[in-house]
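Student: Sharing a structure here in structure tokens format.
Protein chains: 2
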Amino acid sequence: MSFRFEIEARDGSARAGRFVTPHGEVQTPVFMPVGTVATVKGVPQDTLEELGIQILLNNTYHLYLRPGVDTIRRLGGVQRFMGWDHPILTDSGGFQVFSLSDLRKVTEDGVMFRSHLDGSSHFFSPESAIAAQIGLGADIIMAFDECTEHPAEYTRTRDSMEMTLRWAARSKEYFEEHKQEVPWFAERSGESQSLFGIVQGGMFADLRRESAQRTVELDFPGYAIGGLSVGEPRAMTCEMVNAAIRFLPEDKPRYLMGVGTPEEIVHYVAQGVDMMDCVLPTRAARHGLLFTSAGRVTIKNARYAADESAIDANCGCKVCARYSRAYLRHLYASNELLAQTLNTIHNLAFYLDTMRKARRAIQRGEFAEFAAGVPLPDAEKRV
Amino acid sequence: MSFRFEIEARDGSARAGRFVTPHGEVQTPVFMPVGTVATVKGVPQDTLEELGIQILLNNTYHLYLRPGVDTIRRLGGVQRFMGWDHPILTDSGGFQVFSLSDLRKVTEDGVMFRSHLDGSSHFFSPESAIAAQIGLGADIIMAFDECTEHPAEYTRTRDSMEMTLRWAARSKEYFEEHKQEVPWFAERSGESQSLFGIVQGGMFADLRRESAQRTVELDFPGYAIGGLSVGEPRAMTCEMVNAAIRFLPEDKPRYLMGVGTPEEIVHYVAQGVDMMDCVLPTRAARHGLLFTSAGRVTIKNARYAADESAIDANCGCKVCARYSRAYLRHLYASNELLAQTLNTIHNLAFYLDTMRKARRAIQRGEFAEFAAGVPLPDAEKRV
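First to last, the sequence lines map onto chains A and B. So the number in the working numbering is just where the residue sits in the first sequence, counting from 1, plus 32. So the number in the working numbering is just where the residue sits in the second sequence, counting from 1, plus 32.
See the structure below:
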């Protein structure tokens with residue numbers, strides 16, 4: 033059994049559960065911090081463990097370009113490479129190919145793109161993207177998809193969704209034939225990775241439904257909802273999640289890709305989402321935006337220059353236990369490395385704490401009450 | 033008693049001892065990592081504690097400019113400001129005024145200089161520099177000195193040394209009248225800071241001797257040797273240390289400022305030095321130069337791209353315990369923040385371990401043997 037998922041409690045549509053991978057167990061709902069090139073920027077792995085982080089996301093596109101799949105394969109897979117003996121998920125590479133690389137050319141076969149690092153030419157097909165993900169060796173890998181641009185017309189969106197479905201079938205076929213090639217196959221007693229499918233369909237509810245139904249027909253151990261949080265209003269995101277999630281199986285984890293704010297992630301849990309990832313807590317931290325139980329703190333503001341209080345009086349993280357806003361403001365104003373490290377630790381603690389509270393509320397049957405206490409600050413504005 | 037120093041063991045000229053300050057005890061010989069603006073770049077304070085670091089150096093010039101003395105004073109002093117309830121030493125500001133600022137003008141009264149941050153004009157006299165250090169509240173502070181440029185003629189060096197002696201007397205006089213103004217005076221039961229004198233005298237042995245003798249006449253609880261490691265050959269540094277240290281009292285700590293490589297610090301301990309500080313381990317780390325028991329490692333080299341071994345097989349630090357050279361090389365090549373953090377932790381661990389071994393060797397009467405095992409790699413080349 034390379035993957036097991038069980039639901040332990042339900043409260044409305046929200047679910048609390050756990051899944052088991054070859055590198056360990058993950059309690060859901062879970063927020064997965066982004067460690068793009070096999071590092072959560074500025075935070076050592078032992079600190080990630082102290083924060084209670086159980087699973088990280090790495091970006092296939094970045095690791096494929098540097099240090100390269102062969103290097104990581106030879107070093108035993110990305111878990112051993114980064115000194116993280118816990119679950120990792122890699123994305124499909126599709127989103128980055130579309131958002132970061134230059135001069136991409138999409139055909140039925142796959143995507144030709146140029147590296148954002150050195151302009152070199154590369155090609156990802158469903159087969160080669162899965163081969164890359166097998167070489168990297170994450171516990172959960174993603175089918176190669178086309179992330180439909182936003183906005184997009186109906187016909188264009190449907191054609192893109194159809195291609196993603198064909199690519200999903202090719203991804204799965206390649207994976208089934210090659211999954212024993214994962215670097216740690218032998219040492220993990222023949223366990224391998226799990227390949228998740230991705231629902232697309234742009235901003236059209238009927239396409240979301242059709243994409244969900246037809247992806248489920250392909251039979252994956254988990255399903256992601258992709259192509260959202262790409263600039264559309266939040267109400268639209270929720271509508272699309274709702275359109276898709278009703279057609280995903282109850283007994284499989286649902287992963288909403290690329291979300292969200294601390295308030296949003298609670299509300300996606302309410303919709304039945306089990307897994308999320310987002311660069312927001314880490315990227316915002318590096319820009320001095322801190323999430324707290326009393327709202328956002330922009331730490332560079334002069335008003336914090338002599339503020340002896342912690343970032344968040346209700347936070348138990350080691351940054352809040354030790355450092356004042358005045359110190360963190362000084363570090364940020366002085367462009368000091370430690371600002372980025374400490375800010376990131378706090379924001380991750382806040383996200384992890386939010387998810388732990390959500391999980392506990394579901395287990396106690398108090399989730400609606402909990403979610404009501406986390407109001408969405410503005411219907412349209414993100415962050 | 034704001035300061036106590038005791039020698040526990042001697043071996044040749046080398047001494048092992050300890051000193052006690054209002055914020056705690058320090059075992060000597062000690063290497064003091066540099067935390068310029070109240071942070072050792074990229075390393076959280078709990079990690080500094082894990083490394084066994086007992087005392088940090090902060091730079092008066094930098095903290096005076098940002099966040100400013102008043103801010104740190106209001107926040108209780110630099111220890112509380114940076115969340116480091118352990119000893120801190122601040123330098124006099126003299127060296128940075130001479131090396132970093134623009135358009136300085138030196139008179140008998142003091143130094144007019146422009147901030148390297150915004151070009152604003154400032155003036156440090158012995159009195160104002162000591163006032164700044166009292167406001168910052170480090171446990172050990174330094175007399176305001178002129179760091180004589182190198183090279184300098186004999187007459188110029190003698191005149192500079194004479195002015196430093198007059199400034200030392202003024203520094204002491206101001207300190208004695210104002211030492212109760214340290215921010216933590218009341219809460220530490222009337223203990224205050226300790227002011228150390230600084231020996232100058234350039235590259236002339238007779239001036240070093242005279243500077244030492246006349247600084248000692250002013251009677252400080254500790255003595256620094258300044259104005260070295262400014263570009264002269266290492267043999268000259270050793271000669272100047274020797275010329276001065278023989279005239280410093282046995283029962284007071286001796287602090288050699290701004291040195292050195294891991295090998296050099298062992299040999300300065302052999303000359304009777306008790307305290308040292310240097311940016312080398314931290315700055316070199318940020319540039320990918322790692323110190324190991326087998327020599328230097330330039331981690332960016334392609335030869336480490338698939339090297340599964342630790343930086344140093346003989347190192348017990350948490351970086352060597354967890355991460356491979358291949359991973360550290362990847363982080364450095366990818367310009368990742370974590371490279372700087374992990375490299376710095378390792379280099380500091382290596383320096384601290386070197387000092388612990390030196391101390392133990394002195395206690396066991398095996399110091400000559402220990403020092404012989406740490407050969408100076410090249411008589412002239414630094415790093």
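Positions of the beta carbon are idealized from the N, C-alpha and C atoms, including for glycine.
(1) Applying a beta-carbon distance threshold of less than 7 Å, which residues of chain B neighbour tyrosine 355(A)?
(2) Measure the alpha-carbon distance for arginine 47(A) versus serine 224(A) and round it to whole angstroms.
(3) Can you check DSSP and say which residues form a bridge with glycine 108(A)?
(4) Exposed or buried, methionine 33(A), counting other C-beta atoms within 10 Å across all chains shown (16 or more means buried)?
(5) Return helix, strand or coil for glutamate 40(B), following the three-state DSSP convention.
(6) Closer than 8 Å is the cut-off here; do at least three beta carbon pairs connect the stretch 149 to 168 of chain A with the stretch 209 to 229 of chain A?
(7) Glutamate 302(A): which of Phe130(A), Thr60(A), Glu81(A), Tyr336(A) sits nearest, CA to CA?
(8) Any beta carbon from chain A within less than 8 Å of tyrosine 186(B)'s own beta carbon?
(9) Taking 8 Å as the CB-CB cut-off, is proline 76(B) touching chain D?
(10) Between the Cα of glutamate 264(B) and the Cα atoms of Met195(B), Gly229(B), Leu370(B), Thr180(B), which residue gives the shortest distance?
(11) Along chain B, in chain order, which residues have C-beta atoms closer than 8 Å to that of alanine 365(A)?
(12) In this structure, how does DSSP classify valine 415(B) when only helix, strand and coil are distinguished?
(13) Does arginine 315(A) have its Cβ less than 8 Å from a Cβ in chain B?
(14) Tell me phenylalanine 35(B)'s beta-bridge partners as DSSP assigns them.
(15) For leucine 132(A), collect the residues of the same chain with a Cβ closer than 6 Å to its Cβ; drop the 5 residues on either side in sequence, then sort them by chain order.
(16) Identify the continuous alpha helix (DSSP H) that holds tyrosine 206(B) and give its terminal residues.
(17) Where are the beta strand (DSSP E) runs, 3 residues long or more, that stay fully inside the stretch 55 to 127 of chain A, in chain order?
(18) Counting pairs of beta carbons, one from the stretch 66 to 83 of chain A and one from the stretch 109 to 116 of chain A, are three or more of them closer than 8 Å?
(19) Can you find a C-beta in chain A that's less than 8 Å from the C-beta of valine 69(B)?
(20) For arginine 106(B) and chain A, any beta-carbon pair shorter than 8 Å?
(21) Bridge partners for phenylalanine 228(A) per DSSP, in chain order?
(22) Any Cβ of chain A within less than 8 Å of the Cβ of histidine 118(B)?
(23) Just to confirm the assignment, what range does the beta strand (DSSP E) spanning threonine 53(B) have?
(24) Looking at the strands, I want to know which residues DSSP matches up with cysteine 310(B).
(25) So is glutamine 372(B) in contact with chain A if we call contact Cβ pairs under 8 Å?
(26) Taking CB distances under 8 Å as the criterion, tell me whether lysine 350(A) reaches chain B.
(27) Threonine 189(B) versus chain A: which residues are under 9 Å apart at the beta carbon?
(28) Tell me which same chain residues have a C-beta within less than 8 Å of the C-beta of valine 62(A), skipping the five on either side of it?
(29) Nearest chain A C-beta to leucine 359(B) closer than 8 Å, yes or no?
(30) I need the DSSP call for phenylalanine 279(B), collapsed to helix, strand or coil.
(31) Which residues, in order along the stretch 153 to 174 of chain A, keep a beta-carbon less than 9 Å from a beta-carbon of chain B?
(32) How is the beta strand (DSSP E) around serine 366(B) delimited, first residue to last?
(33) Short check: CB of glutamine 232(B) to CB of aspartate 171(B), under 8 Å?
(34) Using the rule of at least 16 other Cβ atoms within 10 Å of the residue's Cβ for burial, across every protein chain shown, is threonine 196(B) buried or exposed?
(35) Quick check: the Cα distance between glutamate 57(A) and glutamate 38(A), rounded to an integer number of angstroms?
(36) Count the other C-beta atoms from every protein chain shown that fall within 10 angstroms of the C-beta of phenylalanine 399(B), then say buried if there are 16 or more, exposed otherwise.
Tutor: Looking at the coordinates:
(1) Counted from its first residue, the first sequence places residue 355(A) at position 323. Under the 7 Å cutoff, chain B gives Gly115.
(2) As a position in the first sequence, residue 47(A) is number 15, starting the count at 1. As a position in the first sequence, residue 224(A) is number 192, starting the count at 1. In a straight line, the C-alpha of arginine 47(A) is about 26 Å away from that of serine 224(A).
(3) Within the first sequence, residue 108(A) is the residue found at index 76, counting from 1. According to DSSP, glycine 108(A) bridges with nothing at all.
(4) Along the first sequence, read from residue 1 onward, the residue named residue 33(A) stands at position 1. Classification for methionine 33(A): exposed.
(5) In the second sequence, the residue the question calls residue 40(B) occupies position 8. Reduced to three states, the DSSP call for glutamate 40(B) is strand.
(6) With the rule of 3 Cβ pairs closer than 8 Å, the stretch 149 to 168 of chain A counts as touching the stretch 209 to 229 of chain A.
(7) Taking the first sequence and counting its residues from 1, one reaches residue 302(A) at position 270. For the sequence presented, residue 302(A) should be read as alanine rather than glutamate. It is Thr60(A).
(8) If you number the second sequence from 1, residue 186(B) lands on position 154. Using beta-carbon distances, tyrosine 186(B) does not count as an interface residue toward chain A, since no partner is under 8 Å.
(9) Looking at the structure shown, chain D is missing, and the protein chains on hand are A and B.
(10) As a working mapping, residue 264(B) is identified with position 232 in the second sequence. Considering only alpha carbons, the answer is Thr180(B).
(11) The residue you call residue 365(A) lines up with position 333 of the first sequence. Ordered by position in chain B, the residues that pass the 8 Å Cβ test against alanine 365(A) are Arg98, Pro99.
(12) Within the second sequence, numbered from 1, the residue matching residue 415(B) stands at position 383. Any reading at valine 415(B) must be qualified, since the residue scores a pLDDT of 46, below 50, and its modelled position is unreliable; the value itself is stated next. In this structure, valine 415(B) counts as coil in the three-state DSSP scheme.
(13) Against the first sequence, residue 315(A) aligns to sequence position 283. Taking 8 Å as the CB threshold, arginine 315(A) stays off the interface with chain B.
(14) Stepping through the second sequence from its first residue, residue 35(B) is reached at position 3. Answer by DSSP bridge pairing: none, since phenylalanine 35(B) is not bridged.
(15) On the first sequence, position 100 is the one that residue 132(A) refers to. Answer for leucine 132(A): His148, listed in chain order.
(16) Locating residue 206(B) in the second sequence gives position 174, where the first residue counts as 1. From DSSP, the alpha helix (DSSP H) with tyrosine 206(B) extends over 186 to 210.
(17) Within the stretch 55 to 127 of chain A, the runs of beta strand (DSSP E) at least 3 residues long that lie entirely inside it are, in chain order, 56 to 60, 62 to 65, 88 to 90, 120 to 122.
(18) Because the criterion of three Cβ pairs below 8 Å is met, the stretch 66 to 83 of chain A and the stretch 109 to 116 of chain A touch.
(19) The sequence position of residue 69(B) within the second sequence is 37, counting from 1. Judged by the 8 Å Cβ criterion, valine 69(B) is in contact with chain A.
(20) In the second sequence, residue 106(B) corresponds to position 74, counting from 1. Residue contact with chain A for arginine 106(B): present (Cβ-Cβ distance below 8 Å to some residue of chain A).
(21) Residue mapping note: residue 228(A) aligns to position 196 of the first sequence, counting from 1. Phenylalanine 228(A) is bridged to Met174(A).
(22) Residue numbering aside, residue 118(B) sits at position 86 when the second sequence is read from its first letter. No, no contact with chain A.
(23) Taking the second sequence and counting its residues from 1, the one referred to as residue 53(B) is at position 21. Note, threonine 53(B): beta strand (DSSP E), 46 to 53.
(24) Reading the second sequence from its first residue, position 278 is the one you call residue 310(B). Beta-bridge pairing links cysteine 310(B) to Pro65(B).
(25) Here residue 372(B) refers to the residue found at position 340 of the second sequence. With its beta carbon less than 8 Å from one in chain A, glutamine 372(B) belongs to the interface.
(26) The sequence position of residue 350(A) within the first sequence is 318, counting from 1. Interface residue, yes.
(27) Position 157 of the second sequence, counting from 1, holds the residue named residue 189(B). Per Cβ cutoff of 9 Å: no residues; threonine 189(B) is ~35 Å from chain A at best.
(28) As a first step, residue 62(A) is located in the first sequence; it is residue number 30 there, counting from the start. Excluding sequence neighbours, valine 62(A) sits near Gln86, Ile87, Asp306, Met307, Met308, Met387.
(29) Looking up residue 359(B) in the second sequence gives position 327. In the sequence under discussion, the amino acid at residue 359(B) is tyrosine, which differs from the leucine named in the question. Closer than 8 Å to the CB of tyrosine 359(B) there is at least one CB belonging to chain A.
(30) Locating residue 279(B) in the second sequence gives position 247, counting from the first residue. In the three-state scheme derived from DSSP, where H, G and I count as helix and E and B as strand, phenylalanine 279(B) is classed as coil.
(31) For the stretch 153 to 174 of chain A, there are no residues whose beta carbon sits under 9 Å from a beta carbon of chain B.
(32) Along the second sequence, read from residue 1 onward, the residue named residue 366(B) stands at position 334. Membership of serine 366(B) in any beta strand (DSSP E) is not indicated, and neither H nor E is assigned to it by DSSP.
(33) Numbered from 1 along the second sequence, position 200 holds the residue referred to as residue 232(B). Numbered from 1 along the second sequence, position 139 holds the residue referred to as residue 171(B). No, they are not a contact pair.
(34) Position 164 of the second sequence, counting from 1, holds the residue named residue 196(B). Buried is the call here.
(35) Residue 57(A) sits at position 25 when you count from the first residue of the first sequence. Residue 38(A) sits at position 6 when you count from the first residue of the first sequence. Here the alpha carbons of glutamate 38(A) and glutamate 57(A) stand approximately 11 Å from one another.
(36) Within the second sequence, the letter at position 367 stands for residue 399(B). Counting C-beta atoms within 10 angstroms of its own C-beta, phenylalanine 399(B) has 16 or more neighbours from the protein chains shown and is therefore classed as buried.
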